[in-house]
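Asker:
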């Protein structure tokens, strides 16, 4: 594997000994830092929604977030959750996976990038790639067809390393 390929991996599938608590705390600290630097307000609700998105390396649906928020506070409405998600998307703190209609935390929220996602069809774990060569090739090919790309989110489905090792059930 070349160093160029290694650099394009933004987040890998969690392996043995993965400290997920650190994933969450690092993501929240980075979100607070970025929002402060951008002059944006990471409210308690937005922070909690981001924390819930980061609770696992699996995509989470808006209504699952709503249920968790209702369990926390007893009252939360769908528009509240969607506004928080819209804010987190606009600030590049999360990504929306259209094929699943779900959200995952962004592993590199400090810079704009095209998301390329590997989604395990067995356990739903997600890894994020940011391969500039892929993005540039797609932009070039689209341009050759007279098409102006406005978003480049690519979702690829397969099996993560853990599920590939799992014997057939």
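Numbering (this note's numbering), first residue to last: 2 to 170.
Beta carbons: idealized from backbone N, C-alpha and C, even for Gly.
Just so it is clear, the structure is predicted and the values come from calculations on it, not from any experiment.
Hey, out of 91, 61, 20, 53, whose CA is closest to residue 39's CA?
Answerer: The option with the nearest alpha carbon to residue 39 is 91.
Asker: Give the range of the beta strand (DSSP E) segment to which residue 117 is assigned.
Answerer: Unbroken beta strand (DSSP E) run through residue 117: 117–121.
Asker: Here's a check: name, in chain order, each residue in its chain whose Cβ is nearer than 7 Å to the Cβ of residue 153, leaving out the five neighbours to either side.
Answerer: Hits under 7 Å: 115, 136, 139.
Asker: Is there contact between the stretch 92–99 and the stretch 118–129, where contact requires at least three CB pairs shorter than 8 Å?
Answerer: Cβ pair count under 8 Å is three or more, so yes.
Asker: On the CB-based measure, 16 or more other CB atoms within 10 Å of its CB, does residue 37 come out buried or exposed?
Answerer: When all chains shown are included, residue 37 counts as exposed.
Asker: Should residue 88 go down as buried or exposed, given a rule of 16 or more other Cβ atoms within 10 Å for buried?
Answerer: Classification of residue 88: buried, given that the 10 Å Cβ count is 16 or more.
Asker: Determine whether the beta carbon atoms of residue 77 and residue 86 lie at a separation below 8 Å.
Answerer: No, the Cβ-Cβ distance between residue 77 and residue 86 is not below 8 Å.
Asker: Compute the Euclidean distance between the alpha carbons of residue 46 and residue 145, then round it to the nearest angstrom.
Answerer: Distance between the alpha carbons of residue 46 and residue 145 is about 44 Å.
Asker: Expressed to the nearest angstrom, what Euclidean distance is found between the alpha-carbon atoms of residue 20 and residue 147?
Answerer: Taking the straight line from one Cα to the other gives about 46 Å.
Asker: Following the continuous alpha helix (DSSP H) through residue 166, name the residue where it begins and the one where it ends.
Answerer: It spans 162–166 - the alpha helix (DSSP H) in which residue 166 sits, taken as one unbroken run.
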